[in-house]
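So the sequences go chain by chain: U and X. Going by our numbering, the first residue of the first sequence is number 1, and it counts up by one from there. Going by our numbering, the first residue of the second sequence is number 1001, and it counts up by one from there. No residue lacks a Cβ here, since even glycine has one placed at the ideal position from N, Cα and C. A short worksheet on the structure shown next.
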Amino acid sequence: DTGVSQNPRHKITKRGQNVTFRCDPISEHNRLYWYRQTLGQGPEFLTYFQNEAQLEKSRLLSDRFSAERPKGSFSTLEIQRTEQGDSAMYLCASSRQGGLDTEAFFGQGTRLTVV
Amino acid sequence: GDSVTQMEGPVTLSEEAFLTINCTYTATGYPSLFWYVQYPGEGLQLLLKATKADDKGSNKGFEATYRKETTSFHLEKGSVQVSDSAVYFCAPRLQTGGSYIPTFGRGTSLIVHP
């Protein structure tokens, strides 16, 4: 068990460019979550997958944000036409199938800086 | 809608002092409740949890009790150490659309001085 892995750890991009982040969950976990965290705030929920199905995406911040989990394993989060306000830490978490008491395990995050 | 409110920080204490960090929530039903901790330079990790009324979660000397009547899950520790300095997040699983999602408070920074 190597934990939740996120790549890259850091990304600097120019405003208007597209960026894509990858998350590899713990291997037996079928639930996957994306969050955004800005300085001094708690993680803000963005979207949720159960296996390959995206069950909740109403909290994606705009139509510039999209996420996929094509085979129910790794996931990608894409931000199109980045803006300076998108600068934040993007966190991925996974949890196993089970009841609502199951713990979510977090990756180290991808820090995005838009210049 | 469902939400979580956590006391603002920073909380600054001397070593061996008593700690309380307040957390309340509004929810449909009775969600599972979690506290996560983020040590400097590290990722979020689970500290403790409770899944039903009157349950007490505990770990590393920290405790929190599921209070259904007051919809609260306050974090306590009787004697803090310098190594407890971190940011603490209350995170109930709240209903979002048709799913139950770990929903985080804003975090409370704890600074413990020797």
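If you check the CB distance, Phe106/U and Val19/U do not come in under 8 Å.
Assigned with DSSP and collapsed to three states, Asp101/U falls in coil, not helix or strand. Runs of the beta strand (DSSP E) lying entirely within the region 1014-1074 of chain X, each at least 3 residues long, are 1019-1021, 1023-1026, 1033-1038, 1045-1050, 1056-1059 and 1062-1065 in chain order.
One Cα belongs to Leu1044/X, the other to Thr113/U, and the distance between them is close to 21 Å. The Cβ-Cβ distance between Tyr1066/X and Lys1052/X falls below 8 Å. When the Cα atoms are used, Tyr1039/X and Gly1001/X turn out to be separated by approximately 30 Å. A residue is called buried once 16 or more other Cβ atoms fall within 10 Å of its Cβ, and Ile12/U, having fewer, is exposed.
If you look at His10/U, you'll find it in the beta strand (DSSP E) that goes His10 to Thr13.
No Cβ of chain X is located within less than 8 Å of the beta carbon of Tyr90/U. By the criterion of at least three beta-carbon pairs nearer than 8 Å, the region 34-51 of chain U is in contact with the region 88-97 of chain U. Measuring C-alpha to C-alpha distances from Leu32/U to each of Arg9/U, Lys71/U and Gly16/U identifies Lys71/U as the nearest.
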